[in-house]
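**Student:** Dumping the structure here so I can ask a few things about it.
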Amino acid sequence: MISLAIPNLNGNEKKYLDNCIDTTFVSSVGEYVNEFEKMVAESTGSIGAVATSSGTTGLHSALTSVGVKHGELVIIPTFTFIASANAIRHCGADPWLMDISEEDWCLNPVLVRSEIEKHCEKRADGILYHKENGKRVAALMPVYTLGNVPDMEAFRKIADDYGIPLVVDAACAIGATYDGKKFGSLADLSVLSFNGNKTITCGGGGAVVGCDQDRLDHVRHITTTARVWPDYDFDEVGFNYRMTNVQAAIGVAQMERLDSFIDAKRRARAYYEEKLESWAQDKGITFFPTTDGSSCWFSGIVLPEGAHLEDAKRVCAKLKESEIEARSFWKPVHLQKPYADCPKSDVSIAESLWQRIITLPCSTNITEAELKKVTDSVIEILN
Ligand SMILES: Cc1ncc(COP(=O)(O)O)c(C=O)c1O
């Protein structure tokens, strides 16, 4: 079977894991945690990183740190993995779901501004509220879908104009750049995931990065139970969300090979486009969008307008018969049971798009022969 995206663990992972056992440093303190944080900060252009047990706990910590509370709203794209919305609900708040742009599959900043203009008011206290439900708009959280960084100047301006914190779900974006620069300074906080299907994995894990030391110190504080050492004093309700040295040992070995992993991801994307492009054009089939500096986390094809989830599923089933793993992609949040009643904009782009996506194999160790087998099979099946 040619897998969709499997971990590539052929570096120093085993050696560093042995070291954790030999030194007994298996918990949340250890040299690998410190080293991993340094490497993640450096690779994202941040002044620091706080390693967490997962991307979801990283998002929950970041949103808590910027002040998201019960009964408030956080703006996110409806086209995202459900963890973006879950992290908001873990704060007791609701997602305000908005549509994406076709060109990058990320939250549309023009739509966000017009929705705020239409539905919000700044009251005498200087705070932005949703007029219909009376909830405070507590944060704006774009998602770097597929490792695409959208127009962050536009989002920064919206956040500044309306006085709301800007947090980014950068779960799939390790290695991405924006305008030739690393993304760590573009938002107040950005959050990465290192789960098993990400370009860099720790088995499970996440990190909160940014360029405001006080903010990062606070995130570190609340992820480590908000303890005030040396005694058993705690100054707020904290979480036990820190990454362990065992996870970080894998992460350090992975980060040593970040550049080659990103190259492999970009090569797979380029291969699919080059080999399928002229054939696809006739059929109205398109490709995953690639912004400048995209880290190309996943790659694949998009069936023509009018195709449905069942069509995409049929193609995936056929590919499976040829021992190729292919899948559909994120079902929008507004179509998920826990979030069906959340406020939302017009979401027609996300609604049409998600059903037509077919994600193709893009492991970092995929071979050219395997890529060829995938493109040959796609052509055969779709012809
Ligand atoms: C966009 C997005 N947000 C959040 C997450 C959650 O990360 P984790 O699985 O590490 O909790 C993921 C990945 O799973 C993701 O793809």
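In the numbering used here, the protein residues as written are 944 to 1326. Note that the Cβ used here is the ideal one computed from N, Cα and C, for glycine as well. The structure displayed is predicted, hence computed values, not measured ones.
(1) Do Ser1237 and Gly1127 have their beta-carbon atoms positioned less than 8 Å apart in this structure?
(2) Would you check if the distance between the CB atom of Val1080 and the CB atom of Leu1016 is smaller than 8 Å?
(3) Within 10 angstroms of its Cβ, does Asn1188 collect 16 or more other Cβ (buried), or is it exposed?
(4) What number of angstroms, rounded off, separates the C-alpha of Met1186 from the C-alpha of Pro1038?
(5) Report the residue from Arg1032, Thr1144, Lys1125 and Val1055 whose alpha carbon sits nearest the alpha carbon of Asn951.
(6) With contact counted as at least three CB pairs below 8 Å, one residue from each stretch, are the stretch 1300-1319 and the stretch 1205-1213 in contact?
(7) Please identify the residue among Ile1117, Pro1085 and Val1092 whose C-alpha is closest to the C-alpha of Asn1102.
(8) Excluding the five sequence neighbours on either side, which residues of its own chain have a C-beta within less than 7 Å of the C-beta of Gly998, listed in chain order?
(9) Fully enclosed by the stretch 1129-1165, which alpha helix (DSSP H) runs are 4 residues long or longer?
(10) If you compare alpha carbons, which of Tyr1184, Tyr1215, Leu1132 and Gly1243 is closest to Gly988?
(11) Where does Ala1192 sit, in a helix, a strand or coil, going by DSSP?
(12) Contact between the stretch 1243-1251 and the stretch 1285-1304: three or more CB pairs below 8 Å?
(13) Is any heavy atom in ligand 1 found nearer than 7 Å to the beta carbon of Ser1221?
(14) Since Ala1114 is in the alpha helix (DSSP H), which residue starts that stretch and which ends it?
(15) Between Thr999 and ligand 1, is there a pair consisting of the residue's CB and a ligand heavy atom that are separated by less than 7 Å?
(16) Do you know whose CA, among Val1317, Pro1020 and Glu1294, lies nearest Leu947's CA?
(17) Gly1014 and Lys1078: beta carbons closer than 8 Å?
(18) Are there any heavy atoms of ligand 1 lying less than 7 Å away from the beta-carbon of Ala1191, as far as the coordinates show?
(19) Count the other CB atoms, across all protein chains shown, that sit within 10 Å of the CB of Ile964; report buried if there are 16 or more and exposed otherwise.
(20) Am I right that Ala1082 and Val1195 are in contact with their C-beta atoms under 8 Å? What's the rounded C-beta distance?
(21) Pairing CB atoms from the stretch 1058-1065 with CB atoms from the stretch 1003-1010, are three or more of them under 8 Å?
(22) Using 10 angstroms around the beta-carbon of Tyr1175, count the other beta-carbons present and answer buried if the total reaches 16, otherwise exposed.
(23) Within 10 angstroms of its Cβ, does Asn1400 collect 16 or more other Cβ (buried), or is it exposed?
(24) Would you say the beta carbon of Val1092 comes nearer than 7 Å to a heavy atom of ligand 1?
(25) For Ser1295, tell me which candidate among Leu1252, Val1276, Thr1229 and His1003 has the shortest Cα-Cα distance.
(26) Of the residues Gly954, Leu1325, Pro1286 and Ala1269, which one's Cα is nearest the Cα of Ala1250?
(27) Within 10 angstroms of its Cβ, does Thr1234 collect 16 or more other Cβ (buried), or is it exposed?
**Tutor:** In terms of the structure at hand:
(1) No.
(2) Result yes, Cβ atoms of Val1080 and Leu1016 sit closer than 8 Å.
(3) Label assigned to Asn1188: buried.
(4) In a straight line, the C-alpha of Met1186 is about 26 Å away from that of Pro1038.
(5) Nearest of Arg1032, Thr1144, Lys1125 and Val1055 to Asn951, Cα basis: Thr1144.
(6) Proximity of the stretch 1300-1319 to the stretch 1205-1213 meets the contact definition, three or more beta-carbon pairs being nearer than 8 Å.
(7) According to the sequence displayed, residue 1102 carries Ala and not Asn. The shortest C-alpha separation from Ala1102 is found at Pro1085.
(8) Hits under 7 Å: Ala1026, Ala1114, Val1134, Leu1135, Ser1136, Asn1138 and Gly1149.
(9) Entirely contained in the stretch 1129-1165, not one alpha helix (DSSP H) run reaches 4 residues.
(10) The option with the nearest alpha carbon to Gly988 is Leu1132.
(11) Three-state result, Ala1192: helix.
(12) As far as the Cβ criterion goes, the stretch 1243-1251 touches the stretch 1285-1304, which means the pair count is three or higher.
(13) Ser1221 Cβ: outside cutoff for every heavy atom of ligand 1.
(14) Unbroken run through Ala1114: none, as it is neither H nor E.
(15) Yes, since a heavy atom of ligand 1 falls inside the 7 Å radius drawn around the Cβ of Thr999.
(16) With respect to the C-alpha of Leu947, the residue from Val1317, Pro1020 and Glu1294 having the closest C-alpha is Val1317.
(17) Result yes, Cβ atoms of Gly1014 and Lys1078 sit closer than 8 Å.
(18) Taking the Cβ of Ala1191 as the reference point, every heavy atom of ligand 1 lies at 7 Å or farther away.
(19) Label assigned to Ile964: exposed.
(20) With 8 Å as the limit, Ala1082 and Val1195 do not qualify as a contact, their Cβ atoms being about 31 Å apart.
(21) As far as the Cβ criterion goes, the stretch 1058-1065 does not touch the stretch 1003-1010, which means the pair count is below three.
(22) Under this definition Tyr1175 is an exposed residue.
(23) Outside the displayed range of the chain (944 to 1326) lies residue 1400, so it cannot be described from this structure.
(24) Checking the Cβ of Val1092 against ligand 1 gives no.
(25) Nearest in C-alpha terms to Ser1295, of all of Leu1252, Val1276, Thr1229 and His1003, is Leu1252.
(26) Answer by Cα proximity: Leu1325.
(27) Under this definition Thr1234 is a buried residue.
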